[in-house]
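Counting along the sequence shown from 1, when you hit position 29 you're at 29 in UniProt numbering, and nothing is skipped either side.
No residue lacks a Cβ here, since even glycine has one placed at the ideal position from N, Cα and C.
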Amino acid sequence: MSSLILSSLRWLRPACQPLPTFSPTSPVTAQTLYSVLGSTLPQHMLQLLQPGPKLNFGVAVEFAWCLHYITCSQVNNALLITHGALSTLGLLLLDLAGAVQRTEDAGLELLACPVLRCLSNLLTEAAVGAVGEQMQLRDERVVAALFILLQFFLQKQPSLLPEGLWLLNNLTANSPSFCTSLLSLDLIEPLLQLLPVSNVVSLLVLTVLCNVAEKGPAYCQHLWPGPLLCSLLGTLAFSDTEVVGQSLELLQLLFLYRPEAAQAFLQQSGLQALERHEKEAQLQDRVHALQQTALHS
Numbered sequence: 001m002s003s004l005i006l007s008s009l010r011w012l013r014p015a016c017q018p019l020p021t022f023s024p025t026s027p028v029t030a031q032t033l034y035s036v037l038g039s040t041l042p043q044h045m046l047q048l049l050q051p052g053p054k055l056n057f058g059v060a061v062e063f064a065w066c067l068h069y070i071t072c073s074q075v076n077n078a079l080l081i082t083h084g085a086l087s088t089l090g091l092l093l094l095d096l097a098g099a100v101q102r103t104e105d106a107g108l109e110l111l112a113c114p115v116l117r118c119l120s121n122l123l124t125e126a127a128v129g130a131v132g133e134q135m136q137l138r139d140e141r142v143v144a145a146l147f148i149l150l151q152f153f154l155q156k157q158p159s160l161l162p163e164g165l166w167l168l169n170n171l172t173a174n175s176p177s178f179c180t181s182l183l184s185l186d187l188i189e190p191l192l193q194l195l196p197v198s199n200v201v202s203l204l205v206l207t208v209l210c211n212v213a214e215k216g217p218a219y220c221q222h223l224w225p226g227p228l229l230c231s232l233l234g235t236l237a238f239s240d241t242e243v244v245g246q247s248l249e250l251l252q253l254l255f256l257y258r259p260e261a262a263q264a265f266l267q268q269s270g271l272q273a274l275e276r277h278e279k280e281a282q283l284q285d286r287v288h289a290l291q292q293t294a295l296h297s
């Protein structure tokens, strides 16, 4: 059965892109995807992605890429969720994290990449909120596994860091429980250590931290005191407008819920760090707003 499915769906595997944005514009492509989703193929594919001793790595890689193509199309991700895609891929994520701790095989990223992308795409589905416990991802193990993979990518394949961070963003965006897991596992500092890798990585790290900070005062108490403020003074020196803009947003949230942090910001020459961006059209309004917040906190 796996050989038959593999030969019929091999064409679905896409070229690797950092953050997928595919959507089916061709009626033929959309019709094909509807046919695939209307068949029993997705269930068989998910069965062959179940972690365990019978998992065939090569077959799993091919089917994970097939699922990636399908989830990027957003034709009917809700159906995949009802078939248990989130649960299956979540368990496979845990299995991959265990595997990278046991082996030096660099080939594991071939499976990790499409699994991360599939989970990210499925978590953007509006219907996720309706399926509730079908996700079966609501525990600290998922966050811990994701950070194991991020450390693996940092050492072996830094270009895949955005894939893991995009999933972390989608996990924390609307979930206080995943934000709590991030804090309870003391993962803020390891997250901050990724800031120098690249502008893309920095932007995603800052976005995840904004997800945490916007949950309110109880969450911001874990962000300051700590290394966050010093790190943000560093990102304000970046030339990338998006990175600086996200830093400003995070500082606004921090000052809103932790006014004491604004005083520390002023004492560490924060206003001088903001001055370099006062004349940048895309940033000047937010810079001015942050200056006022800092001065009046």
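My guess is that residue i and residue j are in contact by the Cβ rule of under 8 Å, so how many angstroms apart are they, rounded?
{"i": "T293", "j": "A261", "result": "In fact, because the Cβ distance is near 11 Å, the residues do not count as touching under 8 Å."}
{"i": "C179", "j": "N199", "result": "Rounded, the Cβ-Cβ distance is 24 Å, inconsistent with contact."}
{"i": "E278", "j": "Q284", "result": "6 Å"}
{"i": "L250", "j": "A213", "result": "6 Å"}
{"i": "L183", "j": "L119", "result": "Between L119 and L183 the Cβ distance is about 21 Å, and since that is not below 8 Å, they are no contact."}
{"i": "L93", "j": "I70", "result": "That belief does not hold up - the Cβ atoms of L93 and I70 are roughly 18 Å apart, past 8 Å."}
{"i": "A85", "j": "L46", "result": "6 Å"}
{"i": "V142", "j": "G90", "result": "6 Å"}
{"i": "G234", "j": "R286", "result": "So it is not a contact: roughly 18 Å between Cβ atoms."}
Apply the 10 Å Cβ neighbour rule to residue i and answer buried if 16 or more other Cβ atoms are within range, or exposed otherwise.
{"i": "E109", "result": "buried"}
{"i": "Q68", "result": "Correcting the residue identity first, residue 68 is His in this sequence and not Gln. Flag for H68 reads buried."}
{"i": "L163", "result": "Residue identity differs from the one stated: residue 163 is Glu in this sequence, not Leu. The residue is buried, with at least 16 neighbouring Cβ atoms inside 10 Å."}
{"i": "E280", "result": "exposed"}
{"i": "G52", "result": "exposed"}
{"i": "N169", "result": "buried"}
{"i": "L48", "result": "buried"}
{"i": "Q252", "result": "buried"}
{"i": "N77", "result": "buried"}
{"i": "F255", "result": "buried"}
{"i": "A218", "result": "exposed"}
{"i": "H296", "result": "exposed"}
{"i": "R258", "result": "buried"}
{"i": "P227", "result": "exposed"}
{"i": "L185", "result": "exposed"}
{"i": "T21", "result": "Residue placement at T21 is poorly supported in this model, since its pLDDT is 45, which falls under 50; the coordinates still yield a value, given next. Flag for T21 reads exposed."}
{"i": "P114", "result": "buried"}
When DSSP labels each residue in this structure, what does residue i get in the three-state scheme?
{"i": "residue 371", "result": "The structure shown does not extend to residue 371, since the chain is modelled only from 1 to 297, so the question has no answer here."}
{"i": "L194", "result": "coil"}
{"i": "R159", "result": "Checking the sequence, you will find Ser at residue 159 rather than Arg. Looking at S159 - three-state DSSP - the assignment turns out to be helix."}
{"i": "P53", "result": "coil"}
{"i": "F147", "result": "helix"}
{"i": "W65", "result": "helix"}
{"i": "G164", "result": "helix"}
{"i": "Q263", "result": "helix"}
{"i": "R117", "result": "helix"}
{"i": "P225", "result": "coil"}
{"i": "A127", "result": "Bear in mind that the predicted position of A127 carries a pLDDT of just 42, short of 50, making it too unreliable to give a figure here."}
{"i": "Q252", "result": "helix"}
{"i": "G216", "result": "coil"}
{"i": "F152", "result": "helix"}
{"i": "A237", "result": "coil"}
{"i": "D186", "result": "coil"}
{"i": "T71", "result": "helix"}
{"i": "N174", "result": "coil"}
{"i": "L245", "result": "Checking the sequence, you will find Gly at residue 245 rather than Leu. The answer is helix: DSSP assigns G245 an H, G or I state."}
{"i": "G270", "result": "helix"}
{"i": "G98", "result": "helix"}
{"i": "T40", "result": "coil"}
{"i": "G132", "result": "Since pLDDT at G132 reaches only 47, below the 50 mark, its modelled position is unreliable, and the value read off the structure follows with that caveat. Helix, per DSSP."}
Any heavy atom of the ligand NAD within a distance shorter than 7 Å of the CB on residue i?
{"i": "H222", "result": "As presented, the structure is devoid of all ligands, the ligand NAD included, so that no description of it is given."}
Have a look at the options and flag the residue whose alpha-carbon is nearest the alpha-carbon of residue i.
{"i": "V197", "options": "L182, Q155 and A64", "result": "Q155"}
{"i": "A112", "options": "F152, L283 and R102", "result": "F152"}
{"i": "E189", "options": "G216, L223, S177 and S175", "result": "L223"}
{"i": "V100", "options": "K279, I148 and L183", "result": "I148"}
{"i": "S269", "options": "L236, S247 and L254", "result": "L236"}
{"i": "T172", "options": "P158, L123 and L248", "result": "L123"}
{"i": "L96", "options": "L150, A85, E140 and L80", "result": "L150"}
{"i": "L80", "options": "K54, E125 and V61", "result": "E125"}
{"i": "T88", "options": "A60, L233 and G107", "result": "A60"}
{"i": "E275", "options": "A264, Q282, Q291 and Q267", "result": "Q291"}
{"i": "L266", "options": "E242, L232, V205 and L33", "result": "L232"}
{"i": "Q193", "options": "F63, S175 and C230", "result": "C230"}
{"i": "G107", "options": "F57, G84 and H44", "result": "F57"}
{"i": "L191", "options": "Q157, P225 and L146", "result": "L146"}
{"i": "G208", "options": "G234, S247 and T241", "result": "A small correction: the amino acid at residue 208 is Val; Gly does not occupy that position in the sequence shown. Looking at the Cα atoms, S247 is the closest of the given residues."}
{"i": "V201", "options": "L165, V143 and P225", "result": "L165"}
{"i": "W65", "options": "T40, L116, V75 and L195", "result": "L116"}
{"i": "P158", "options": "V75, Q31, P225 and L195", "result": "L195"}
{"i": "L161", "options": "N174, P42, S35 and L203", "result": "L203"}
{"i": "Q74", "options": "L55, E62, N121 and Q43", "result": "N121"}
{"i": "F63", "options": "S181, P42 and V205", "result": "P42"}
{"i": "P176", "options": "K215, P114 and V205", "result": "K215"}
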